[in-house]
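At position 33 of the sequence shown (counting the first as 1) the number is 21 in the numbering used here, and the numbers step up by one without a gap.
Glycine is no exception: its CB is placed at the ideal position from the N, C-alpha and C atoms.
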Amino acid sequence: MGVYNRTPLAFERGEGARLFTTDGEAYLDCMAGIAVNALGHANPKLVQAVKDQAEKLWHVSNIFTIPGQEKLAKVLTDATFADVVFFTNSGAEAVECAIKTARKYHWAKGHPERIDIIGFDGSFHGRTLAAVNASGNASYLEGFGPPMPGFIQLPFDDMEALKAAVGPTTAAIIVEPVQGEGGARCLSVESLRALRQLCDETGTLLILDEIQCGLGRTGKLFASEWAGIEPDIMAVAKALGGGFPVGACLATAEAGSGMTVGSHGSTYGGNPLAMAVGLAAMEELNSPELLAHVREVAGYFTQQFEGLKTRFPDVVADIRGKGLLIGLKLVTPNREFMQHARDQHLLIAGGGDNCVRLLPPLNLTLEEAREAVEKLERACEAARAQAKAAA
-11 MGVYNRTPLA FERGEGARLF TTDGEAYLDC MAGIAVNALG HANPKLVQAV KDQAEKLWHV
49 SNIFTIPGQE KLAKVLTDAT FADVVFFTNS GAEAVECAIK TARKYHWAKG HPERIDIIGF
109 DGSFHGRTLA AVNASGNASY LEGFGPPMPG FIQLPFDDME ALKAAVGPTT AAIIVEPVQG
169 EGGARCLSVE SLRALRQLCD ETGTLLILDE IQCGLGRTGK LFASEWAGIE PDIMAVAKAL
229 GGGFPVGACL ATAEAGSGMT VGSHGSTYGG NPLAMAVGLA AMEELNSPEL LAHVREVAGY
289 FTQQFEGLKT RFPDVVADIR GKGLLIGLKL VTPNREFMQH ARDQHLLIAG GGDNCVRLLP
349 PLNLTLEEAR EAVEKLERAC EAARAQAKAA A
């Protein structure tokens, strides 16, 4: 189906932070499959995990015990607030599970009227019908029937509007601590703590979507850790498989208490192959050394990008994001800037609010980071020249 506006680039292999086209040209990859290839391309430990498991067992039904699920679930619960985990194939499925978990919790507690899920403008939670309704992006909803009941959208980081909206039919608030598609906008530490307090006071469940900003991307395992808060439910995916499709919905025992036998399921979710890769990925993603490295490289990028903003105020308007989820809000059109970057053999992602995003592998070296900055500087020069020529 013609649903993608693809760039005419095709890659046949990758190695670390490099992608190589079918005709042998190398690109520095600061997209990482949109924050997916968090450990780089063809990471040896992940490759070995796939090989070892592929020779033993790929898939069995979830009617059987799958030891890899129990192992990965323990790794995730030991590292987080969560007591229980449901494994999925994608972030969108993890969000679906989170929404169902929140509504089923209130139903089981005798409050079936509590179905409303409050989300925020600029959010992105996936492409299933419930996920796009939770996001509320009009362009993603158009043509897919009437808006689903039970979803409310509010301005991002407007606590007064949120307090006024929470009521007797509210089931949960869903939010990305750092928005990805929405232009790398961050919730402040104070706002995250206020969210947690509001949920506690009103019996509302807090769902954090850390699909893009979690699993080391901000320099802590999860972005919410910077505020010292814990959600009731969390959706994760992307980096969890390092490029292999795997996601998870994490919950406290209390929040997950309504999810009883038969209330949810998945054919492929949690299959042995995915669990083997997830275990190998988590061993790397949750290492103190990698998280410290992310903070170091992120600090370098922040310093350098502030310099770009100073030298190119006609191109770069603002620096956003946290850790290695970095947004550059542009003066020039972001799609044109992405092409300027590609001309320098640098891959970056687009974003809302006329932003571009850098989402490099978390193990990007400082030398590679310097190369990325140099390529971005040349992209800024090209954008400036194009704007002058058009004027």
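- Per DSSP, glutamate 0 is not a residue of any alpha helix (DSSP H); the beta strand (DSSP E) it occupies stretches across -1 to 3.
- Every beta strand (DSSP E) stretch that sits fully inside the region 328 to 373 and reaches 3 residues is listed by chain position as 337 to 339, 343 to 346.
- In terms of Cα proximity to phenylalanine 144, the closest of Val24, His281, Gly170 is Gly170.
- The way I'd put it, the region 257 to 276 does touch the region 23 to 32; three or more beta-carbon pairs between them come closer than 8 Å.
- In this structure arginine 205 is buried. Its beta-carbon is surrounded by 16 or more other beta-carbon atoms within 10 angstroms.
- Its chain contains Leu117, Val120 as the residues whose beta carbon lies nearer than 8 Å to that of phenylalanine 132, once the 5 sequence neighbours on both sides are disregarded; these appear in chain order.
- If you look at glutamine 185, you'll find it in the alpha helix (DSSP H) that goes 177 to 190.
- For cysteine 85, the enclosing alpha helix (DSSP H) starts and ends at 79 to 96.
- If you ignore the 5 residues before and after valine 63, its C-beta comes within less than 6 Å of the C-beta of Met270, all in its own chain and listed in chain order.
- The beta carbon of alanine 67 lies closer than 7 Å to those of Leu209, Asn274 in the same chain, with the five residues before and after it left out.
- With a minimum length of 3 residues, the unbroken runs of beta strand (DSSP E) contained wholly in the region 277 to 315 fall at 304 to 310.
- Under the 10 Å beta carbon count, alanine 236 is surrounded by 16 or more other beta carbons and is classified as buried.
- For glutamine 167, no beta strand (DSSP E) run applies, since DSSP gives it neither H nor E.
- By alpha-carbon distance to arginine 184, the top candidate from Pro348, Glu213, Cys343, Tyr288 is Glu213.
- Look at alanine 225 here: in three-state DSSP terms it is coil, with no helix or strand label.
- Here DSSP, grouped into helix, strand and coil, assigns arginine 6 to strand.
- Of all C-beta pairs linking the region 357 to 364 to the region 13 to 23, three or more are shorter than 8 Å, placing the two stretches in contact.
- For the region 4 to 85, the full-length alpha helix (DSSP H) segments reaching 4 residues or more read 20 to 23, 32 to 42, 55 to 67 along the chain.
- Here threonine 89 is buried, its C-beta having at least 16 other C-beta atoms within 10 Å.
- When DSSP states are grouped into helix, strand and coil, alanine 236 belongs to the strand group.
- Per DSSP, the continuous alpha helix (DSSP H) segment holding leucine 273 begins and ends at 260 to 273.
- Less than 8 Å separates the beta-carbon of proline 219 from that of leucine 196.
- Straight through space, the alpha carbons of glutamate 369 and alanine 70 are spaced by roughly 47 Å.
- Around the C-beta of proline 349, 16 or more other C-beta atoms lie within 10 Å, and the residue is accordingly described as buried.
- For leucine 129, the enclosing alpha helix (DSSP H) starts and ends at 126 to 129.
- The distance from the Cβ of leucine 313 to that of alanine 23 is about 7 Å, consistent with a contact at the 8 Å cut-off.
- The distance from the Cβ of alanine 160 to that of leucine 193 is about 4 Å, consistent with a contact at the 8 Å cut-off.
- In the DSSP assignment, leucine 150 falls outside any beta strand (DSSP E) and within the unbroken alpha helix (DSSP H) covering 147 to 153.
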